[in-house]
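**Student:** Starting off with a structure, shown below.
In the numbering used here, the protein residues as written are 424 to 839.
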């Protein structure tokens, strides 16, 4: 599925810029996978985020540059490498990735700025926020910044399948059937995605899934090489025409469109705030009154290790401290003893708001049932858990204990 490397169709400058773009996107993709799996309050995460911004700036520069060279050179794959139909399709896939990255980059900066964060690329310099905090813009830009990255993953998977076909038929695979750098990008981007979707609960299944995926790709390449023995179909005369080209463009648009829905399909996140809101002063984003008392318990070793791997996903969607802004989920400060669906200024699903109106109160038992199966406990809720429902009683205890410590004790109240 690799094939021989192409040496024509692009200028030397275009190949260099293409490789720079693709290697930068590989590094950026790695950080996208790593960042959510790091403790939100750790120095390592801050460092990773700063490099995320730095590489993002480089991607924007290389992406715009590569698009300009593409337009100037009228394409990127040499005409004799693939039949016109396959060449057009592969061009469309690569252009889709370039355009998504160029559009998604500025959305990422807006996402950071409207969260109230200055951009500090690799610690080299600081780009202060030109606009203030804005939860509406933050949610919109965050959704589509993430969605554009998801769409590039689907394009990579489509390209990988297409490369398998062109290698089996024409002997032109990942290295020769795409512009410089893109074949490697598609392979690594796909492998990282396979790892990511299998490592929410633990990392080991992700490693195994990615290894199996790469082994399948290698086995396919070896099998085609052994069976075809260098005898491949000719690439001349197989023209696509306007019907094929229109269909190819529609296919890319469909793949991108599906990718733009992935944050909702995977995490039930939407770009717009809608739902049942408890109106209050806009500055109030938490339960200011503590209505329940809970016992302080120091964390056990299990909670600090295995339990924390599950609990960290709670903090990916929720803030815990009084005064912190809502994320895609509400601020949970002082949550124990409160009626469900009543944190001020957060748009709840009608299902959860109705459950609260009917008497659902958050305590150890109701939280245990909720995290054990959100859809079963409150049908129609918009909450989901990235790592899957927490059904292990020991993990449930660990999550609840961590939630108590983070939400029910003000600074200075926690015993040593």
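For glycine and all other residues, C-beta sits at the position ideal for the given N, C-alpha and C.
No experiment lies behind these values; they were computed from the predicted model shown.
Looking at the structure shown, is residue 705 part of a helix, part of a strand, or coil, going by DSSP?
**Tutor:** coil
**Student:** Please report the distance separating the alpha-carbon of residue 765 from that of residue 608.
**Tutor:** Computed Cα separation, rounded: 46 angstroms.
**Student:** Cβ of residue 455 within 8 angstroms of Cβ of residue 544?
**Tutor:** no
**Student:** Taking the alpha carbon of residue 678 as the reference point, which residue from 603, 787, 729, 572 has its own alpha carbon closest?
**Tutor:** 572
**Student:** Does the distance between the C-beta of residue 485 and the nearest non-hydrogen atom of the ligand MG fall short of 7 angstroms?
**Tutor:** Judged by which ligands are present, the structure shown has none, so any question about the ligand MG falls away.
**Student:** Flag this pair as yes or no: are the beta carbons of residue 690 and residue 585 separated by less than 8 angstroms?
**Tutor:** no
**Student:** Can you look up residue 770 in the DSSP assignment and give me helix, strand or coil?
**Tutor:** coil
**Student:** Less than 8 angstroms between the beta carbons of residue 708 and residue 768, yes or no?
**Tutor:** yes
**Student:** DSSP on residue 428, reduced to helix/strand/coil?
**Tutor:** Note on residue 428: pLDDT 41, under 50, position unreliable in the model; the coordinate value appears next. Correct three-state label for residue 428: coil.
**Student:** Check whether the Cβ atoms of residue 519 and residue 675 lie closer than 8 angstroms to each other.
**Tutor:** yes
**Student:** Is the separation between the beta-carbon of residue 432 and that of residue 500 shorter than 8 angstroms?
**Tutor:** yes
**Student:** Quick check: the Cα distance between residue 692 and residue 435, rounded to an integer number of angstroms?
**Tutor:** Their backbone Cα atoms lie some 43 angstroms apart in a straight line.
**Student:** Using C-beta distances below 7 angstroms, list every residue in its chain close to residue 743, excluding the 5 sequence neighbours before and after it, in chain order.
**Tutor:** Here the set comprises 755, 756, 829, 830.
**Student:** For the stretch 772-808, list the beta strand (DSSP E) runs that are entirely contained and at least 3 residues long, ordered along the chain.
**Tutor:** No beta strand (DSSP E) of 3 residues or more sits fully in the stretch 772-808.
**Student:** In the DSSP assignment, what residue or residues form a beta bridge with residue 841?
**Tutor:** The requested residue 841 is not part of the displayed model; the chain covers only 424 to 839.
**Student:** So the candidates are 441, 827, 822, 802; which of them puts its Cα closest to the Cα of residue 603?
**Tutor:** 441
**Student:** Output needed for residue 725: all residues of its chain with C-beta closer than 8 angstroms, excluding positions within five of it in sequence on either side, in chain order.
**Tutor:** Correct list, in chain order: 817, 821.
**Student:** Give the list of continuous alpha helix (DSSP H) stretches no shorter than 4 residues that lie fully inside the stretch 543-615.
**Tutor:** 558-593
**Student:** Using 8 angstroms as the Cβ pair cut-off and three pairs as the minimum, do the stretch 694-702 and the stretch 573-584 touch?
**Tutor:** no
**Student:** Which value, in whole angstroms, describes the spacing of the CA atoms of residue 752 and residue 806?
**Tutor:** 8 angstroms
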